[in-house]
Every structure is written in structure tokens, then in C-alpha cells.
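Encoded as C-alpha cells, the structure appears first; notes follow it.
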Amino acid sequence: MRFILFAFCLCAALSAKPLLTLKELGSKPKGIARDFYIWEFISDKDTSLEESLKAYDLVYREIPKLKSALQAKGYHPKIPKNIACAKLPITELVKQDEQCIAFGLKLSQVPTMPASQITTLQQKLAKSPNLLAKIKILRSSDIAQAMFAANAQVFAEIFNALTYQQKLQIFAKSPDPKAIQRLANQNASSFNRVLQHIILDSRLLAFKQAIAKADITTSDSNTFFLLGINELLNDSKQQALRYFERSRNAAIDPFFKDRAMFWQYLVSGNVAFLHDLQTSKFVDIFSIYANQKLKTKPNYEIVSSFDGLILKKPPINISDPFAWQVARDSIGSIKDMTRYEEEVNRFYTIDTTPHLAHFSNRITKYSVNYYIMPYVDLVHWRDDKQKAMSLAIAKQESHFIPALVSRSYALGMMQIMPFNLEPFAKKLGIKHKVTLEDLFKPEFAYTFGTMFLEELNDEFKHPLFVAYAYNGGPGFWRRTLAKGQLFVKNRKYEPWLSMELIANEEPRFYGMKVLANYIIYQELLGHKVDIESLLKQTLRY
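Residue 1 is where the sequence shown starts when you use the UniProt record's numbering, and the numbers rise one by one after that.
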């Protein structure tokens, strides 16, 4: 494993107490940042249950991590019902009131529950017709048929509540394509995601084949696209092209539009699609490919720096997540563009280059692709490959905002998870312990993020694979590769097909976007990277 020496001292002491007290939490603006500090406060072993409950009352958005932290404190009559009831075993849950049952009932348990418990549930849920309907479906002699007789939303809610083994058993037989078509054309986002999940599942073969026999005409861009991929997997090239056209027409996000155009070209071989793609103003692996293949000057505009930046104290503390939240919300709410630009001009400082890029998107109507390189002089880089990869990740993770807190409480520019703080510090040989707030400092973020990237690069070698592992975790990517089903040599449409067959949506798109970032940053650093050659290096089975 190779580590780089960074030219600064990591010498902050790890606090034994939460970063904010209960009183301080109450004084901070509500939002994801405060939720993170609430989670840290509740998670502390010395925080009492009573204090935890008071802190939980301040929560802006409940997530499982927060609920688990409160559950770990034990039982108290004032614990929110949705948390307390979710922990109850079914034998206790059926004794509770209607609201508690609604919070705690796991639909996957319904098919095997004793009839006496079902009767009790039906009596207590008299005023919950939607839940009663789902129970009735799950007690049917043919659950799959009953699910298809419901509407798309109900189908999706039941499907998502089932265990994986239940899904395999219930949908072992091929469903009626017309039933799938009826539900799909309701264009419910939840059912669309079910279709996407099934298409990308390696085992629900009968269901996938039935989907390929349906003709779905109303959906969103991503679902249409994966329907096209499913058609290719079922050797129906013409229907795949129809779905890719529908995906392109339904696309609002330029990434999805470019993706659909690229696959129209890849499947048909018609260079006209490639010329259409070359006109894209958006940077992604598809527009990069089109321009490299056609040897044309890109139509997209890239800005890597701002003229007139001043070396002075920034208008906000860049390492304070609350300062960033307040600035983002207050400036974002300004409707008058003249006043908006006046506020944005305050951020023409070297330290607030990322903030300036963020606010400038509205001024340019999102027509510019910002590939800035902030804070790079704070650390020493081994080479331009390492530098380009770190920049590619930071751009995708945070757009270089130093004090960013994600919904899952990943922190800082490189979005390091809190539980990685001490293990990473040990790997770097840092003798002094550090605080979570250090992750909001750019030099610290680059240090930890680049260390992790080096570790991933030693194992996975390719920047695309490193990106998948950074986002989904190295264990996720090891397990994915170990199946030997992706990045297969001599299979048609590879490696593009494998990039679309990664079951987890977040790392699937993340890898594509980071790879595009990596190629652009390499180019800005003076290195031409041929995307086709780079991707061929991923084929290994």
C-alpha cells in the first residue's frame, strides 16, 4: 500500500464528548447538518435517554441511522411510536393499537402468520383500508395474481416489503405480460423502480422474460432505458431501439438523454446518432466518446478557473456546515438576478471557489461544466493520475464544498463516513487523534480521501472500478466482480453493457460520472485519455 506524505500537521485531539451540547443544538438552524450533530449527540454513551429524546425532537429528517441511535438508548414512554413499535415482535405488536400496528407490521410476515393473528389484525385495522388490502393480497392462494390485480402503487409496496426468497418463490412462474403492461403504463414511480430492480436481478428470469413480451408506452427515461437493455438481453434488437428512443424523448436530465442516444448508436451502428450526441452541451462518458470517435471539437463548455479571484478572508467560514447551509439557502432564495449576482460576487475569493461555482450555475443557466481544482496546493500529489482521480471523486461527492454533510452523514469534500475517521488515521500513521470536524477542512479531506483511493487502486487497478468501490464499498465491489457476470470479454456491447447491469443504482451512475470527471481532469492536466481504450481495460472474464 502506498501513502503520500502531506505537508501539514494533523494534530487535533479527538473530543470525548459530542461536538455540540443540547443547548447548542437548539440554537442551530434545522437541516441535515444539525441532524448529523444530533445523531452524534445521541450516539454518545454518556448522553442520557431523556437528553436523547429532547435532541430527537429537533430532527429535521428521520433516517434509519438516527432511529437506531435512539433505539439503542432503551425504552421510554416518550420514544416516538414509529421507532418503538418497529422493534416489537409480532406477538406483542398484535396487542397494540391501530397506529402502532401500522408502524411496526412487516408485510413479509403476513403470509406465514397464524390465522388467529390475522383475524386480530383485521379487527384492529378496520380504519386502515390500504393496509387491510395488502394483508388480504398476502393471504391469497395465489399472491402473484392478487398483486397484479391491484394498482401499481400497491404492487410496488408489497413487492418491496417481501424478502428476496419470497420474491423468488412468488414470481417463479412467468407473469402475464399484459398484466405487467397495465401496471407499468400507470407510470407510478414506485412500480418503475420495481421494473428496474427486476431487470437488473440475475435470478428473476421468468419475470424479466415476461417484461420483454410487454409493450410499455408510458414511463420515465430511466425505466424506458432499462426496458431497452432487457430487450437486448432477450435478443430483441428492434424493440430495444424503440425503448431507447422513448427514453431519449422522455429525458429531462441531459445525462439520460445522452445515454439513450449513445445506445441508439451502439445498437444500430447509425453514425447519425453519434453526430446528435456530439452536439451535447453536457459532459459525460457518452458525449466524450462521441467527440473522440468523430474527432470533433466538443460542443460543451468547460470552465476550470475563475478570473479575478482574490486572496482574502472568505465571506463565510468554509469549514462550518451551518454557515454553508445558511448561505446556500439565503442566496438561493433571491429571485432578483441583479441582487443575486451581487451576493454571488462576494464569493470571488480563492477559498470559496467551489461556492462560487455552485452559485454561478444559476447565472449560466447550467450551460457551463465547472471542472475547478480548488485547494490542490494544500497537499503534495504523487502524480497527475492520483491528482485527477481525487479531483474526479471530490467533484462527484461534494462539488468541492468543504463543509458538506450528506443525508447519510458522510462528511466533507471527499464525503468520508464518520466510522472511518480513526481507522483511516491509523493507516496514515497519525499519532494524534482527530475530530469529525477536521473532515470539513480541505487539506484533511484530500489526505483521507486520497489514502482510501490509493488503497482501492492497489486492489482494483482501474479508475472505474475504484469509483465503484469508493461509492459502494470495497466489499460490494469484490462480491460483484466475484460473480464473474460483468465485464465479460467477447460479449456484445461490452464493457458498456456491464456498466448498465450493476444492480445498485447509485454506484452504477456514480462510476460513469467519476470516469468522465477523471478523463476531463487528466486532459486539463495535460494528458489525453482515450475513453474506448481505457474501458477495454476493464474486460477481465
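We put the beta carbon where it would ideally sit given N, CA and C, even for glycine. A quick note: this is a predicted structure, and the numbers were derived from the prediction, not measured.
The alpha-carbon separation between Leu-497 and Phe-487 amounts to approximately 8 Å.
For Val-326, the enclosing alpha helix (DSSP H) starts and ends at 321 to 332. The stretch 369 to 457 is shown to contain whole alpha helix (DSSP H) runs of 4 or more residues at 384 to 398, 421 to 427, in chain order. Shortest Cα-Cα distance from Thr-119 to any of Lys-54, Lys-95, Ile-363 involves Lys-95.
The residue among Ser-280, Val-466, Lys-134, Gln-109 with its C-alpha nearest the C-alpha of Ser-390 is Val-466. Between Ile-170 and Ile-143, the C-beta gap is smaller than 8 Å, which places the two residues in contact. Residue environment: Asp-258 is assigned as buried (16 or more neighbouring CB atoms within 10 Å of its CB, all protein chains considered). Going by C-alpha positions, Ser-141 is about 24 Å away from Leu-195. The alpha-carbon separation between Glu-506 and Gln-145 amounts to approximately 32 Å. For Tyr-60, the CB contacts under 8 Å within the same chain, skipping 5 residues up- and downstream, are Lys-30, Gly-31, Ile-32, Arg-34, Asp-35 in chain order. Arg-491 is classed as exposed because its beta carbon has fewer than 16 other beta carbons within 10 Å across all chains shown. For the pair Ser-367 and Val-344, the CB atoms are not nearer than the 8 Å cut-off.
Unbroken beta strand (DSSP E) runs of no fewer than 3 residues, entirely contained in the stretch 232 to 318, are found at 301 to 303, following chain order.
Rounded to the nearest angstrom, the gap between the Cα atoms of Asp-530 and Gln-292 is 7 Å. For the pair Val-405 and Phe-440, the Cα-to-Cα distance works out to about 9 Å. Per DSSP, Ile-216 is not a residue of any alpha helix (DSSP H), being assigned neither H nor E. Taking each of Leu-378, Ser-108, Asp-201 in turn and checking the Cα distance to Asn-504, the smallest one comes out for Asp-201.
Among the bridge pairs identified by DSSP, Thr-349 is matched with Ile-310. Residues Gly-104 of the same chain have their beta carbon placed closer than 6 Å to that of Leu-88, with the five preceding and five following residues left out of the count. Around the Cβ of Gly-484, a 10 Å sphere holds fewer than 16 other Cβ atoms; the residue is exposed. For the pair Pro-80 and Leu-411, the Cα-to-Cα distance works out to about 27 Å. When DSSP states are grouped into helix, strand and coil, Leu-20 belongs to the coil group. Burial state of Met-512 is buried, judged by a 10 Å Cβ sphere holding 16 or more other Cβ atoms.
Here Thr-338 is exposed. Its C-beta has fewer than 16 other C-beta atoms within 10 Å.
Of the residues assessed, Asn-369 falls on the buried side of the cut-off, its CB having 16 or more other CB atoms within 10 angstroms. Between the stretch 340 to 358 and the stretch 417 to 431, the count of C-beta pairs closer than 8 Å stays below three; the two stretches do not touch. Considered as a whole, the stretch 465 to 507 harbours 474 to 482, 496 to 500 as its complete alpha helix (DSSP H) runs of no fewer than 4 residues, in chain order. Closest option to Glu-51, judged by alpha-carbon separation, among Pro-64, Ala-69, Glu-62, Ile-63: Ala-69. Burial is judged here by how many other beta carbons sit within 10 angstroms of a residue's own beta carbon; Glu-454 has at least 16 and is buried. Secondary structure at Leu-539: coil, using DSSP grouped into helix, strand and coil. DSSP places Phe-155 in the helix class (H, G or I) of the three-state scheme. Our two residues, Ala-394 and Met-414, have alpha carbons roughly 5 Å apart in a direct line. By the CB criterion at 8 Å, Ser-221 and Phe-256 fall inside the cutoff. In this structure, the CA atom of Lys-387 is about 6 Å from the CA atom of Trp-381. In this structure, the beta-carbon distance from Ile-83 to Gln-71 falls below 8 Å. Separation of His-358 and Ala-251 (C-alpha to C-alpha, rounded to the nearest whole angstrom) is 23 Å.
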